[in-house]
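Student:
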Amino acid sequence: MLCAECSFPLPTHRTPTTICLKCKTPLATWWDESTGTFRTNRESLLPPSMSDGQSFKRRNTYSIEENVFLGALVIVSMHFEGMKLGSKSAARARDQVQKTLEKSLNKADVRERLAKNVDIWQRLRIIFQHATPSLTKLSLTEFSTPNDVPESAQLILNNYAALKEDLQYLNNLLVISRNMLAIKETAQEICQRVGFDREVRALVVLCVNVTSKGYDGESVVEQDRNRLLEITELCMASFCGFGEGHTHNWTMGNDRFKMDFWFAMLFDSEWKAELPPPGTPGPDGLDVHDVHDEVQNWLKRHNKRDPVAAGLLATYEKDAAETKETPGPLPTEENPQTEPVEESTTPIWKPELKDDKYEQDRLYARVSHQIDVWWKRVRDANYDGWVLPMETVEGAKERALQCTNNAMHRYIPSRDHHHHDKHYEGEEHYHEHHHPESTGGDDEVDDRSTHGEHGLDDDEEEEEEDDDSYVEGPLRGLLTEIPNILDTKQIEALHMTVKACIVDSMGSGLTPAGENLQKTRCKMFLALDCGKNLLREMLVFIAVWEQTDQQFIFQITAQIIESFHHNALLPYAWNSLRILKDIVSPAQTVLLRLINYMFRARKDSAIYNDLKDYSRDAKLIHFLYNYFRCRVVPDCVALIAAQAEILRGKHDASDFPVDLWDMERAKDGLSQYLDFISVIAEIPEMRHLLIEWDCVYELVTLLKGLEVGVARKPLTEQANNINTPPMHDTPHKFPWSGIKIQILIILTSLLAPTNVRRNGPGNPIVQKQLLDHAGIMPLLNCCVYDGHNEYLKERATLAIKFVMEGCEEAQRFVRELVPVKRAQAARKGGADGVVAKHQELKKNLEEFQKPRVVEEREVP
1 MLCAECSFPL PTHRTPTTIC LKCKTPLATW WDESTGTFRT NRESLLPPSM SDGQSFKRRN
61 TYSIEENVFL GALVIVSMHF EGMKLGSKSA ARARDQVQKT LEKSLNKADV RERLAKNVDI
121 WQRLRIIFQH ATPSLTKLSL TEFSTPNDVP ESAQLILNNY AALKEDLQYL NNLLVISRNM
181 LAIKETAQEI CQRVGFDREV RALVVLCVNV TSKGYDGESV VEQDRNRLLE ITELCMASFC
241 GFGEGHTHNW TMGNDRFKMD FWFAMLFDSE WKAELPPPGT PGPDGLDVHD VHDEVQNWLK
301 RHNKRDPVAA GLLATYEKDA AETKETPGPL PTEENPQTEP VEESTTPIWK PELKDDKYEQ
361 DRLYARVSHQ IDVWWKRVRD ANYDGWVLPM ETVEGAKERA LQCTNNAMHR YIPSRDHHHH
421 DKHYEGEEHY HEHHHPESTG GDDEVDDRST HGEHGLDDDE EEEEEDDDSY VEGPLRGLLT
481 EIPNILDTKQ IEALHMTVKA CIVDSMGSGL TPAGENLQKT RCKMFLALDC GKNLLREMLV
541 FIAVWEQTDQ QFIFQITAQI IESFHHNALL PYAWNSLRIL KDIVSPAQTV LLRLINYMFR
601 ARKDSAIYND LKDYSRDAKL IHFLYNYFRC RVVPDCVALI AAQAEILRGK HDASDFPVDL
661 WDMERAKDGL SQYLDFISVI AEIPEMRHLL IEWDCVYELV TLLKGLEVGV ARKPLTEQAN
721 NINTPPMHDT PHKFPWSGIK IQILIILTSL LAPTNVRRNG PGNPIVQKQL LDHAGIMPLL
781 NCCVYDGHNE YLKERATLAI KFVMEGCEEA QRFVRELVPV KRAQAARKGG ADGVVAKHQE
841 LKKNLEEFQK PRVVEEREVP
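Numbering-wise (this note's numbering), the sequence shown opens with residue 1 and increments by one.
1. Indicate the three-state DSSP secondary structure (helix, strand or coil) for Asn789 in the structure shown.
2. Is it right to say Thr280 is buried, meaning 16 or more other beta carbons lie within 10 angstroms of its own, or is it exposed?
3. Ordered along the chain, which non-local residues of its own chain (more than five positions away) have a Cβ less than 7 Å from that of Asp224?
4. Going by other Cβ atoms of all chains shown within 10 Å of its Cβ, with 16 needed for buried, is Cys20 buried or exposed?
5. Count the C-beta pairs between the region 297–306 and the region 544–560 that are closer than 8 Å, then say yes if the count reaches three, no if not.
6. Just to check my reading of the structure: Met524 and Leu266 have Cβ atoms closer than 8 Å, yes? What is that Cβ distance to the nearest angstrom?
7. Provide the residue(s) that pair with Ile348 in DSSP beta bridges, ordered along the chain.
8. Going by DSSP in three states, Pro26 sits in which element: helix, strand or coil?
9. Do you know how far the Cα of Glu692 is from the Cα of His429?
10. Using 10 angstroms around the beta-carbon of Glu207, count the other beta-carbons present and answer buried if the total reaches 16, otherwise exposed.
11. Relative to the alpha-carbon of Asn171, which residue among Phe128, Glu189 and Arg92 has its alpha-carbon at the smallest distance?
12. Measuring only the C-alpha atoms, how far is Asp906 from Phe564?
13. Taking the C-alpha atoms as reference points, what is the distance between Asp290 and Pro278?
14. Does any residue of chain D have a CB that is nearer than 8 Å to the CB of Ser563?
15. Using three-state DSSP, classify Pro9 as helix, strand or coil.
16. Could you check if Ala187 is buried or exposed, using at least 16 other CB atoms within 10 Å of its CB as the buried criterion?
17. According to the Cβ coordinates, are Gln767 and Val803 closer than 8 Å?
18. Is the beta carbon of Leu138 less than 8 Å from the beta carbon of Leu174?
19. Per the contact definition of three or more C-beta pairs closer than 8 Å, is the region 181–196 in contact with the region 328–339?
20. State the start and end residues of the unbroken alpha helix (DSSP H) segment that holds Thr557.
21. Would the region 616–628 and the region 653–661 be scored as touching if the rule is three or more Cβ pairs under 8 Å?
22. Does the separation of the CB atoms of Thr247 and Val200 fall below 8 Å?
23. Of the residues Pro327, His566, Met390 and Gln550, which one's Cα is nearest the Cα of Lys519?
24. For Leu553, tell me which candidate among Asp668, Gln490 and Leu580 has the shortest Cα-Cα distance.
25. Do three or more CB pairs link the region 728–744 to the region 783–797 at distances below 8 Å?
26. For Leu699, which of helix, strand or coil comes out of DSSP?
27. In the DSSP output, which residue or residues are listed as bridge partners for Leu689?
28. When the Cα of Ile485 is compared with those of Lys357, Gln742, Leu234 and Asn60, which residue comes out closest?
29. Between the C-alpha atoms of Glu102 and Gly253, what's the straight-line distance to the nearest angstrom?
30. Just checking, does the region 336–346 make contact with the region 528–539 on the three C-beta pairs under 8 Å criterion?
31. Could you pull the start and end residues of the alpha helix (DSSP H) that Gln370 belongs to?
32. How many angstroms separate the CA atom of Leu2 from the CA atom of Thr12?
33. With C-beta atoms as the reference, is Pro731 less than 8 Å away from Leu624?
34. Please list the terminal residues of the continuous alpha helix (DSSP H) segment that includes Trp661.
35. Report the residue from Ile745, Ile746, Ile646 and Ile743 whose alpha carbon sits nearest the alpha carbon of Ala711.
36. Identify whether Ile19 lies in helix, strand or coil by the three-state DSSP scheme.
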């Protein structure tokens, strides 16, 4: 016989005075204070029907691990409800929570039993429900005192011990819940039904508010600073990291919960604040109110539960109604389960049913009619065919000339400060307007370019006061601030969750209506402001941490970007990341780097055996190169021209229109673009596009501009004069380091023969293009040493070799060039150095013309 209280074996020979040796419970009948009834250990031997006690209406069939964890949760719940616990009780509860955490991680059977226990999920919800307001009172205030430690920081210091204890409790409970959710469908259903997922989201919001408050580090002593940092680290690592891990496991493999999470993320508490009234479409034709209602109706129609979870929840609700031994009734359901809704397999849209929105959406059967119409409006203009041509070279020349003429008077938005933090002013953003008739939203006007990217004249000017590129304060969105407060390891779960919701390979195929829900969520991500804000922060996050393409976080983000590509939405994403004052914004630069990574993986693969894949990639290259020709090159050439005017003394250095920070951003964008073109030039199936579009024009134009506008760095440079101003005071001397090297690499790829050994005559089409654009002289000038471009001469030599071989016109040009240069130098007098340079150049060129087989060597 076992003791009914502790299951310890009772003695074989018992008397009415026998007691349990472990818990000291008497064997005879005794009065139980907790239940208010007489009890006896002999009750353990009686069948349920013979027991009339209230305690046996719900028999305890839980395992020892479940009972222990439930007991610990009761104590933790009392703690967050404000009850004073003894030190031994609190220590015992912490110990049991820690042991449960270890078992849930290492023992699958324990993890499964915990995950299917509705009482445990209810206790967790109650704890987090009480914890959020409790922690808010301990850590946040509404106002701060000027010129002093912010009140929130002082409040955290005053409540340091309590905050630390509470955060450690919640940290462990979040890990346990994350492990429980590994059971997938059953645990996911119970978690959602009890409302635990909503409490976790509320806690994540609190975490963001605490960690983003900040404090004046100079106003606190070292010990206080360390305490503040410790609380911040607990919030960052515990709440956000494990909170997002919980969310990732909750949505994994479950389309309904993915859509539920997406709905909560994209429609935050303030989603209506800046929108036009219902029925009024936004600038890009999207009625966000309708999107909200349509997604909500889809969730109502798709609320079928996992059968195991449904049975467990039904049993719990019955017990909660009949006894007082449960943690309490389940919360009211937002989308109560209804009878299965019959949906059509052929979507039918009936505008006449606008007064019965639910029925209208049921007949349509897809998630959102508004999203589908929006996508057709904003997707790549060439999606259905090549309807948008490439800007011509003549148009590009005109554009570059206009930009150059206005070089010293470019529109630069005024700023009262020049503080640039590690996020590259991520809060400054530009909302691209897409109209139904637009071809990608590139028609906005600034003084850098008087035409849209697609060669269309712009008739309207934007006023400075209407420019929404500069927005102060945090961006909207449940998750938008998270990339600003986590490191690369902590944020992985956020990227994994986004990937799981939108990448095709993580989906479950097509719905009966033929809809790919992964693609639909991908479209929603870019259609709604909260999604676009999060995308910008995710991209700038990579730039801040300088991730290599081998790191996990970079590769996850690359898969997210490729999902945009599969939906023909990269042009829209590109335009939504624009900032008017930047030639290429920081977020666009990172996006382009991810696109480079995507195309680099295409090289030497069989992907282009599929015409659909080839066409999709070619259209993206078309869009990006069109932007390069219409925006990037004209604006960069204009900046370099402004440098040249100052170098020649036509303008004062103080007239230079931008600061060093803007020059760095322009150079980063140009460099990333050249890297992109270099990758495309190395893909045999795509190289012909660059040749067809006369890519040589842009490359030669940049080389010519750099030759005139940027002084070479000599081999031996004199020590800096003590009176020389720092670099940030001389943006007009910006060196554009490495750009010439990148240009020569591209030219070499385009000029080189297509055979494996790359020997023989160069590409005749590219040779002719180079001659037509007077590109040989800029190439020859690259043979002169320039410390801003290492190994420039070696790169130039290789490019010149491919120009000269098989091109009689190029050879004749060089033969005629050297005597002319010698005569010009002689007329000037005292130009021995110039003569010597061209004599050496002639000797090198004569070597090129000798018949020989050149074996390719790797150039550093």
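For every residue, glycine included, the Cβ atom is placed at its ideal position computed from N, Cα and C.
Tutor: Looking at the atomic coordinates:
1. coil
2. Exposed.
3. Leu157
4. Looking at its Cβ environment, which holds 16 or more other Cβ atoms inside 10 Å, Cys20 is buried.
5. no
6. 6 Å
7. For Ile348, which the question treats as bridged, DSSP gives no partner whatsoever.
8. strand
9. With a pLDDT of only 33 at His429, under 50, the local geometry of the prediction cannot be trusted, and no value is derived from it.
10. According to the sequence provided, residue 207 is Cys. The question's Glu does not apply to it. Flag for Cys207 reads buried.
11. Phe128
12. This structure cannot speak to residue 906, because the chain is shown only from 1 to 860.
13. 8 Å
14. Of the chains in the structure shown, none is chain D; there is only one protein chain.
15. strand
16. buried
17. For Gln767 and Val803, yes; Cβs fall inside 8 Å.
18. no
19. yes
20. Phe552 to His566
21. no
22. yes
23. Minimum Cα distance to Lys519 is reached at His566.
24. In the sequence as presented, Leu is not what sits at residue 553; that position holds Ile. For the residues Asp668, Gln490 and Leu580, the minimum Cα distance to Ile553 belongs to Gln490.
25. yes
26. Reduced to three states, the DSSP call for Leu699 is helix.
27. The beta-bridge partner set that DSSP reports for Leu689 is empty.
28. Of the listed residues, the one whose Cα sits closest to Ile485 is Leu234.
29. 25 Å
30. no
31. His369 to Val378
32. Approximately 10 Å, taken between the alpha carbons.
33. The answer is no: Cβ separation not under 8 Å.
34. Per DSSP, the continuous alpha helix (DSSP H) segment holding Trp661 begins and ends at Leu660 to Ala681.
35. It is Ile646.
36. strand
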